[in-house]
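Asker: Position 166 of the sequence shown, counting from 1, maps to 148 under my numbering, and the rest follow consecutively. Structure incoming, see below.
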Amino acid sequence: MKLISVSDEEELSRIAAEILFTKVKSAKRLVLGLATGKTPQGMYRYLSKYSKEYKQSYTHIHTVNLDEYVGSTTYHTYMEEHLFQHIDIPNDQTHIPDGEAASLIEECSRYEQMIKELGGIDLQVLGIGENGHIGFNEPGTSFDARTHVVQLTDSTLKANAKYFVDSKQPKQAITMGIGTILESREILLLAIGERKANAVKELFKGSLNEEIPATALINHTNVTVLADKGARKLLDKES
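Here it is as structure tokens:
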């Protein structure tokens, strides 16, 4: 597992965007796994900026998002606002779970099959929760889990409540499973702030533990972690 130490959120966002942009430029075809929330917003801002400056096309790119709330299109809106409207990627090459599907079980199966038909994910971007969750895979999730419906924990609901000021916050989500994520050929994990420090420490100093979902990445052969000073706080203390 490779650690890239950065000073702050701005530097992390820039470097993460440069990693993605280099992949987009050099690949003839690329399947990008994308994340949402506050952590990758700066990365998308820089990626949009670079794409405009260098007139980079995305017609050869497919994107596959980690998750979506049940009964909601929150992350569809997020991706459109922060990335898709700024690049020329075809709509039918952007893939996000359908949280409004009539059958959530069938939607999970469809999503898994879609990823398989694309040939798998080349590079998956992840954030990390305070409790070590990746995607919406909460503590206790099997490391073999495929795309599934999850009941969100109180800590996750609290962390994301700010996105639902004017609407009712969903209590469930569809998420790629940890097993699905681990099949990605490369993983880029972004960690910002002291609240993520314990989860980052477990990732580097801990052992496989389903109560800390991110530790599943320990066995992956191609993981890069971008962490700012706050997120590295407990690592730096022990080094």
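Don't be surprised by glycine CBs; every beta carbon is placed ideally from N, CA and C.
1. Can you give me the Cβ contacts of G101 inside the same chain, cut-off strictly under 8 Å, excluding the 5 residues immediately before and after it?
2. How about A(-1) and Y32: are their beta carbons less than 8 Å apart?
3. Per DSSP, which one or two residues make a beta bridge with N47?
4. Ordered along the chain, which non-local residues of its own chain (more than five positions away) have a Cβ less than 7 Å from that of E192?
5. Along the chain, where does the alpha helix (DSSP H) that runs through S30 open and close?
6. On the DSSP letters alone, give me the boundaries of the beta strand (DSSP E) that K(-16) sits inside.
7. May I ask you to report which of helix, strand or coil DSSP gives I200?
8. Enumerate in chain order the residues of its own chain whose CB-to-CB distance from S39 is below 6 Å, with the five nearest sequence positions on each side excluded.
9. T4 lies in the alpha helix (DSSP H); which residues open and close that run?
10. For A17 and L48, which I take to be in contact (beta-carbon distance under 8 Å), what is that distance rounded to the nearest angstrom?
11. Count the other C-beta atoms from every protein chain shown that fall within 10 angstroms of the C-beta of A198, then say buried if there are 16 or more, exposed otherwise.
12. Go through the stretch 69 to 138 residue by residue and report every complete run of the alpha helix (DSSP H) that reaches 4 residues or more, in order.
13. Pick helix, strand or coil for V207, following the three-state DSSP scheme.
Answerer: So, from the listed chains and residues:
1. In the sequence shown, counting from the first residue as 1, residue 101 sits at position 119. Result list for G101: V13, in chain order.
2. By 1-based counting over the sequence shown, the position of residue -1 is 17. By 1-based counting over the sequence shown, the position of residue 32 is 50. If you check the CB distance, A(-1) and Y32 come in under 8 Å.
3. In the sequence shown, the residue the question calls residue 47 occupies position 65. In the DSSP assignment, the residues bridged to N47 are L16.
4. Here residue 192 refers to the residue found at position 210 when the sequence shown is read from its first residue. Closer than 7 Å at Cβ, skipping near neighbours: G122, T123, S124 and F125.
5. Residue numbering aside, residue 30 sits at position 48 when the sequence shown is read from its first letter. It spans Q23 to E35 - the alpha helix (DSSP H) in which S30 sits, taken as one unbroken run.
6. The sequence position of residue -16 within the sequence shown is 2, counting from 1. Judged by DSSP secondary structure, K(-16) falls within the beta strand (DSSP E) whose first and last residues are K(-16) to S(-13).
7. Position 218 of the sequence shown, counting from 1, holds the residue named residue 200. Three-state result, I200: helix.
8. If you number the sequence shown from 1, residue 39 lands on position 57. Hits under 6 Å: D70.
9. Numbered from its first residue, the sequence shown carries residue 4 at position 22. In the DSSP assignment, T4 falls within the unbroken alpha helix (DSSP H) covering E(-9) to S8.
10. Residue mapping note: residue 17 aligns to position 35 of the sequence shown, counting from 1. Residue mapping note: residue 48 aligns to position 66 of the sequence shown, counting from 1. For A17 against L48, the beta-carbon gap comes to about 5 Å, under 8 Å, which counts as contact.
11. Working through the sequence shown from its first residue, we reach residue 198 at position 216. Burial check for A198: the Cβ neighbour count within 10 Å reaches 16 or more, so the residue is buried.
12. The qualifying runs are 86 to 99.
13. Working through the sequence shown from its first residue, we reach residue 207 at position 225. V207 falls in the strand class under three-state DSSP.
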